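J.:
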Amino acid sequence: MKLTGAQIFFECLKREGVDVIFGYPGGAVLDIYHEMSNHNIKHILVRHEQGAAHAADGYARASGKVGVCLVTSGPGATNTVTGIATAYMDSVPMVVFTGQVPTHLIGNDAFQEVDITGITRPCTKHNYLVKDVRDLARVIREAFYLARSGRPGPVLVDLPKNVIQAVTNFVYPETVNLRGYRPTIEPHKGQVKRAAQAIRKAKRPVIYAGGGVIHSGASEELRKLAEILQIPVTTTLMGLGGFPATLKKGTKEFHPLWMGMLGMHGTYCANMAVSNCDLLFAIGARFDDRVTGKVEAFAPNATIIHIDVDPTSISKNVIVDIPIVGDCKRTLQYLISLFEEEPIHELKEKRRSWLEQIDEWKRAHPLTYKQEGNVIKPQFVVEKLYELSKGDAVITTEVGQNQMWTAQFYHFNEPRTLITSGGLGTMGYGFPAAIGAQVARPDKLVIDIAGDGSIQMNIQELVTAVCNELPVKIAILNNGYLGMVRQWQELFYNKNYCQTCLSASPDFVKLAEAYGAVGLKAVTPEEVEPVIKRALETPKTVIMEFVVDKEEGVYPMVPAGKPINEMLLV
Amino acid sequence: MSSNGPNENNQRHTIGVLVENQPGVLARVAGLFSGRGFNIESLTVAETNEPGMSRITLVTTGDQHIVEQIIKQLNKLINVIKVIEFRNMEFVEREMALIKVKAEKQSRAEILRIVDIFRAKVVDVSPYSYIIEVTGDEGKISAILELLNQFGILELARTGKAAMARGKKEYGKKGLPHKIVTREQETVDE
Ligand SMILES: Cc1ncc(C[n+]2csc(CCOP(=O)(O)OP(=O)(O)O)c2C)c(N)n1
Ligand SMILES: [Mg+2]
Numbered sequence: 005m006k007l008t009g010a011q012i013f014f015e016c017l018k019r020e021g022v023d024v025i026f027g028y029p030g031g032a033v034l035d036i037y038h039e040m041s042n043h044n045i046k047h048i049l050v051r052h053e054q055g056a057a058h059a060a061d062g063y064a065r066a067s068g069k070v071g072v073c074l075v076t077s078g079p080g081a082t083n084t085v086t087g088i089a090t091a092y093m094d095s096v097p098m099v100v101f102t103g104q105v106p107t108h109l110i111g112n113d114a115f116q117e118v119d120i121t122g123i124t125r126p127c128t129k130h131n132y133l134v135k136d137v138r139d140l141a142r143v144i145r146e147a148f149y150l151a152r153s154g155r156p157g158p159v160l161v162d163l164p165k166n167v168i169q170a171v172t173n174f175v176y177p178e179t180v181n182l183r184g185y186r187p188t189i190e191p192h193k194g195q196v197k198r199a200a201q202a203i204r205k206a207k208r209p210v211i212y213a214g215g216g217v218i219h220s221g222a223s224e225e226l227r228k229l230a231e232i233l234q235i236p237v238t239t240t241l242m243g244l245g246g247f248p249a250t251l252k253k254g255t256k257e258f259h260p261l262w263m264g265m266l267g268m269h270g271t272y273c274a275n276m277a278v279s280n281c282d283l284l285f286a287i288g289a290r291f292d293d294r295v296t297g298k299v300e301a302f303a304p305n306a307t308i309i310h311i312d313v314d315p316t317s318i319s320k321n322v323i324v325d326i327p328i329v330g331d332c333k334r335t336l337q338y339l340i341s342l343f344e345e346e347p348i349h350e351l352k353e354k355r356r357s358w359l360e361q362i363d364e365w366k367r368a369h370p371l372t373y374k375q376e377g378n379v380i381k382p383q384f385v386v387e388k389l390y391e392l393s394k395g396d397a398v399i400t401t402e403v404g405q406n407q408m409w410t411a412q413f414y415h416f417n418e419p420r421t422l423i424t425s426g427g428l429g430t431m432g433y434g435f436p437a438a439i440g441a442q443v444a445r446p447d448k449l450v451i452d453i454a455g456d457g458s459i460q461m462n463i464q465e466l467v468t469a470v471c472n473e474l475p476v477k478i479a480i481l482n483n484g485y486l487g488m489v490r491q492w493q494e495l496f497y498n499k500n501y502c503q504t505c506l507s508a509s510p511d512f513v514k515l516a517e518a519y520g521a522v523g524l525k526a527v528t529p530e531e532v533e534p535v536i537k538r539a540l541e542t543p544k545t546v547i548m549e550f551v552v553d554k555e556e557g558v559y560p561m562v563p564a565g566k567p568i569n570e571m572l573l574v
Numbered sequence: 012m013s014s015n016g017p018n019e020n021n022q023r024h025t026i027g028v029l030v031e032n033q034p035g036v037l038a039r040v041a042g043l044f045s046g047r048g049f050n051i052e053s054l055t056v057a058e059t060n061e062p063g064m065s066r067i068t069l070v071t072t073g074d075q076h077i078v079e080q081i082i083k084q085l086n087k088l089i090n091v092i093k094v095i096e097f098r099n100m101e102f103v104e105r106e107m108a109l110i111k112v113k114a115e116k117q118s119r120a121e122i123l124r125i126v127d128i129f130r131a132k133v134v135d136v137s138p139y140s141y142i143i144e145v146t147g148d149e150g151k152i153s154a155i156l157e158l159l160n161q162f163g164i165l166e167l168a169r170t171g172k173a174a175m176a177r178g179k180k181e182y183g184k185k186g187l188p189h190k191i192v193t194r195e196q197e198t199v200d201e
C-alpha cells in the first residue's frame, strides 16, 4: 500500500489507539492537517502550543494513555518545550510531533527552522528526526513504545515537510527492535526476599510512596501490603491518590495508616515518622530534595528499601540498603505473596507502640489553619471544594501555595485524581492540564485549583475549553500575590516583597464572560459555599474567584536544606 | 552524600560505551556529562567491526558513587547498547600522541635516541622539527612528553584512550543480547 507520510502518520496513530490530538497548525505541518479530515480522530485546537503540551500531559495523567500533541516547526516547537520538560520530570507518557523544514534546508537557518531535537535532548526520554519517509512508521511505533514502557516519559518526533509529503509503501512494524532499551520489569527475587526479611525485623517501619505507584497501577497492591503489614504510609506530592487518604470519599474519616504527604510542606506526623523510623520502604519515589530536606538527616537510622523501575533513581541522592529495580506493581505482588505464605507473627503486638506513636504525632499537630475575621482562608476554600465535590473530582493545580493547600486539604483516594506539576513546578500547567483531563474523563468533575498568578500564564485556553464545551471549573485562590514566593520573602528575605505583589489583576468575572465562560466571585466566607455549589451545577466552563487572605502561609514548612523534622508550624 | 563537585575520593575511571550509530548519539553522551556536571577527561569514538555500531571510550573522574550514577545514566540512553566499566578486570588501555618537537641540529641525535627507547616513530621531518608518533598507556605518553619537553614541544595532538578487556569475551558481537520486544511482551510489560 503506497501512502504519503501524512497518511502513514494517521495510520500509525490509529494503530496506537490514539483518539485525540492536542495541536496547533503551521506551514511545516500543513500536509498533516490537510489529511486530517480523512481520519476518525479528534483534534483539540489550543490557543498556544504550551497549552497543547500540557493538555496532552493532563490527558495522559488522567487516562494512563499516551498523550499526543502536534505543532509546527520553529516557534510552534519551542513553545512546547516547557510542556515537554514538565512531562519529563513527572514521567508522563507523551508523544510530541513537531513540523520541521524540508530536509534539504535543515542547517541553513531556514524560515522557522529550529534544532528542536537538539533543544529537547535533555528533557525527552528520547527523540527522533525522521529524514526518510521509509523510517516513519517504525519511528512512530518506537516513540509510543518508549513513551509508555519502563519509566514513562515524553518522546519527540520531528517531521520535515518533505518527509510528510513523500510516498512509500506502508508497513506497520509488528515488533519493536531497540537494542539499547530493555527496561527491567521483573524484580530480582533474591532482593525482594531480602526486603521481606528487613520488613520482618523492623520495629518502626514507614512506607514512602511516589508517583511510580500511580504509573505502574500499583495502588491496590500498596493498600493491601500496608494493611496486611500494618505499616503507616506517607506519599510524595506525585504519589497522592496512590493510597486512600480516607475510608470514605468526601469525608474526613482518615485511613488509620495514612499520614499525609511528607517533605517541605508535609505533615508533622509524616516527617516525624520518617525521621524516626528504623525501616523506610520507598516505592516508586526518587528522594527529591523537596522531600528529603537535608539528605544526611533523612531517615538517619533506617534501613532503606527502594523499588524503582529506573535504576538511575536508586542511590542517586540517598544511598539505599536494598535496591530493587523493577515495576512497582510486580514487586509488590510478589512481596504480598511472600507475606501471605508466611505472615508476621503477633503483628498487632509488634506494631502497637509504633502506631500509637504515629497517632500521637497526628494529634499533636494536625493540618490546620486559623480562621480570623471575615476573610476567606484559602484552606477553607479547598476544604469546601473537597466536601462539595464529595472528594470525587479530578483535581489539577497550578504551582505555589494553591498547589500545597490542595495537597494538604483535598483528600485523594484514587490514583489519577490529582494532576499537578511536581518535578518542574510549572505555573500555568493546571488549566490546560484540566482541559486534557476533561477530554480523557468527560464524565468527571474536573477542577483546576489555581493561583491568581499562575492562571494568567495560560489563560488563553479558556476559549479552548469553551469552544469544545469542556465544563472545567477553575477555582482561583486570589491572594493578590505570587504567594509562595512572597512567603519565602517573608521568612527568609526580611519581608522584602519585591515584585511579588500582583497589585493589578484582571476582573476575573468579566474575563470569564469575555471568553464565553461563566464567572463567579466570593469575597466573604459565607459566599464560598454558594459559589461552589453554583459552579458545580453549571454545565459550562466556570471561573470561581475567591478573594482570600493576602498573607496566609503554607505550614508546616521545612526551610530548604534543613532536616525534615525541623518544621515551622502554624 | 551525593555531590557532583570535586571530592577527595576522585579517581580516574575508563568506561567503554557501545552505541547505535545514530545521528546525535555523541551529543547525547556528551550532553549527559555536561548536563549532570560529570567530568570527561577524554573521549574517543569510532565505528566498530559491526556495521551500525560505534564504540566510545571515555575517561572520567569521580568517586565510586558518581561513577555508578554515570554508568546508570549512560545505560539509560536509548541508543546505548552496552556500557563496559573497566574495573576489577584485566584490560588494555592505549593512547596515541603526535608530538611536534623542536629539532635543532645539535639535539636531533638525542631526540632520535628517546624515540628509539620508547619505540616511537618519527613520521615527519622538517629542517627545524620532527613529528613523533607514540602509542602507549598513560605512563608512557607522559614519560616521553616529559623527556621531549627540554627540546621544546611545538604542538601536541593526543587521541584520548581506547580500552579493551583482555581475554576472549567479545562485546558487541554474537555474545551481545539483542533487545527485541514483541507486541505480546509489551502488553505484559505495561
Ligand atoms: C513558570 C514559572 N515561573 C515562576 C515560578 C516561580 N514561582 C513558584 S510559585 C510562584 C507564585 C505563584 O503565584 P500564584 O499562582 O498566585 O500562586 P500562590 O502561591 O499565590 O497560591 C512563582 C512565581 C514557577 N514555579 N513557574
Ligand atoms: Mg497568588
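So the sequences go chain by chain: A and B.
Heads up: the first sequence runs through residues 5 to 574, numbered per the working numbering.
Heads up: the second sequence runs through residues 12 to 201, numbered per the working numbering.
Note that beta-carbon positions come from the ideal geometry of N, C-alpha and C, so glycine has one too.
It should be emphasised that the depicted structure is a prediction, and the values quoted were computed from it without experimental measurement.
#1: Between the segment 70-81 of chain B and chain A, which residues of the former have a C-beta closer than 9 Å to a C-beta of the latter?
#2: Got a sec? Which residues, its chain only, sit under 7 Å from H189(B) by beta carbon, not counting five neighbours each side?
#3: By the three-class DSSP mapping on this structure, what secondary structure does G78(A) have?
#4: Kindly indicate if chain A contains any beta-carbon less than 7 Å away from that of T25(B).
#5: Using the beta-carbon of each residue, which ones in chain B are nearer than 9 Å to P315(A)?
#6: Within the same chain, show all residues whose beta-carbon is closer than 8 Å to that of F384(A), passing over the 5 residues directly before and after it, in chain order.
#7: If we define contact as Cβ-Cβ less than 7 Å, is G48(B) a contact residue for chain A?
#8: Kindly list the residues whose CB is nearer than 8 Å to the CB of L251(A), restricted to its own chain and excluding five residues on each side of it in sequence; keep chain order.
#9: Specify the secondary structure class of F182(A) as computed by DSSP and reduced to three states.
#10: Would you mind reading off the limits of the beta strand (DSSP E) that contains S341(A)?
#11: What are the start and end residues of the alpha helix (DSSP H) that includes F2(A)?
#12: For a quick check, are the C-beta atoms of I423(A) and A437(A) less than 7 Å apart?
#13: Given a cut-off of 7 Å on the beta-carbon distance, is the pair T55(B) and A174(B) in contact?
#14: At 8 Å on the CB atoms, spell out the chain A contacts of N21(B), in chain order.
#15: Let me know the secondary structure DSSP gives P1(A) once reduced to three states.
#16: Tell me whether M488(A) sits in a helix, a strand or coil according to DSSP, three-state version.
#17: Please determine whether the Cβ atom of D553(A) lies at a distance below 6 Å from any heavy atom of ligand 2.
#18: Thinking C-beta only, is T400(A) closer than 7 Å to D452(A)?
#19: Any idea what DSSP makes of N280(A), helix, strand or coil?
#20: What is the C-beta distance between K135(A) and T107(A), in whole angstroms, given that I count them as a contact (C-beta under 8 Å)?
#21: For H47(A), list the residues DSSP reports as bridge partners.
#22: So for Q493(A), helix, strand or coil by DSSP?
#23: Grab me the residues of R183(A)'s own chain with a C-beta within less than 8 Å of its C-beta, minus the 5 sequence neighbours each way, in chain order.
#24: Quick one: what's W262(A) bridged to in DSSP?
#25: Under the assumption that E465(A) contacts R51(A) (Cβ atoms under 8 Å), give the Cβ distance between them as a whole number of angstroms.
#26: If you measure from the CB of Q84(B), is any heavy atom of ligand 1 nearer than 6 Å?
#27: Of the choices G440(A), S425(A), V558(A) and K69(A), whose alpha-carbon is the least far from that of N483(A)?
#28: Please confirm if R42(B) has its CB atom under 7 Å from at least one CB of chain A.
#29: For T170(B), does the three-state DSSP call read helix, strand or coil?
#30: When you compare the CB of I95(B) with every CB in chain A, is at least one pair closer than 7 Å?
#31: Where does P79(A) land, buried or exposed, given buried means 16+ other C-beta within 10 angstroms?
#32: Hey, could you find the ends of the alpha helix (DSSP H) L389(A) is sitting in?
#33: Would you mind reading off the limits of the alpha helix (DSSP H) that contains H219(A)?
#34: Compute the distance between the beta-carbons of V159(A) and K129(A), then report whether it is under 7 Å.
#35: Helix, strand or coil: which one does DSSP assign to L573(A)?
#36: Check for me: the alpha helix (DSSP H) holding S357(A) runs from which residue to which?
T.: In short, the structure shows the following:
#1: Hits within the stretch, in order: H76, E79 and Q80.
#2: Here the model assigns H189(B) a pLDDT of 36, short of 50, so the residue's position is not dependable and the matter cannot be decided.
#3: Correct three-state label for G78(A): coil.
#4: Taking Cβ atoms only, chain A never reaches closer than 7 Å to T25(B), which makes this a no.
#5: Ordered by position in chain B, the residues that pass the 9 Å Cβ test against P315(A) are K83, N86 and K87.
#6: Counting only Cβ-Cβ distances below 8 Å, and skipping sequence neighbours, we find Y373, Q375, P529 and V532.
#7: Answer no: the Cβ-Cβ gap between G48(B) and chain A never drops below 7 Å.
#8: These residues qualify, in order along the chain: E257, F258 and H259.
#9: It is Leu, not Phe, that sits at residue 182(A) in the sequence shown. Look at L182(A) here: in three-state DSSP terms it is coil, with no helix or strand label.
#10: Counting along the chain, no beta strand (DSSP E) covers S341(A); the unbroken alpha helix (DSSP H) around it starts and ends at C332 to E345.
#11: This structure leaves residue 2(A) out entirely; chain A is present only between 5 and 574.
#12: Yes.
#13: With contacts defined as CB atoms closer than 7 Å, T55(B) and A174(B) fail to qualify as a contacting pair.
#14: Against N21(B), chain A offers no close residue; the least beta-carbon distance is about 18 Å (beta-carbon pairs closer than 8 Å).
#15: Since the first and last residues shown for chain A are 5 and 574, residue 1(A) lies out of range.
#16: For M488(A), the secondary structure class from DSSP, reduced to helix, strand or coil, is helix.
#17: Within 6 Å of the C-beta of D553(A) there is not a single heavy atom belonging to ligand 2.
#18: The Cβ-Cβ distance between D452(A) and T400(A) falls below 7 Å.
#19: N280(A) carries a helical assignment under DSSP once its states are collapsed to helix, strand and coil.
#20: About 6 Å separates the two Cβ atoms, so the contact holds.
#21: When DSSP reads this structure, H47(A) sits in a beta bridge with I25(A).
#22: Helix at Q493(A).
#23: None.
#24: Beta-bridge partners of W262(A) (DSSP): V237(A).
#25: Their Cβ separation, rounded to whole angstroms, is 6 Å, which keeps E465(A) and R51(A) in contact under 8 Å.
#26: The answer is no for Q84(B).
#27: It is V558(A) whose Cα lies nearest to the Cα of N483(A).
#28: The sequence given here places Gly at residue 42(B); Arg does not occur at that position. With its beta carbon less than 7 Å from one in chain A, G42(B) belongs to the interface.
#29: In the structure shown, T170(B) sits in coil (DSSP, three-state: anything other than H, G, I, E or B).
#30: Not flagged as an interface residue toward chain A: I95(B), since no C-beta distance is shorter than 7 Å.
#31: Taking all protein chains in view, the Cβ of P79(A) is surrounded by fewer than 16 other Cβ atoms within 10 Å, so the residue is classified as exposed.
#32: P382 to L392 is the extent of the alpha helix (DSSP H) around L389(A).
#33: Segment G215 to H219, the alpha helix (DSSP H) holding H219(A).
#34: Taking a C-beta distance under 7 Å as the contact criterion, V159(A) and K129(A) qualify as a contact pair.
#35: Looking at L573(A) - three-state DSSP - the assignment turns out to be coil, as it is neither helix nor strand.
#36: Counting along the chain, the alpha helix (DSSP H) containing S357(A) begins and ends at L351 to A368.
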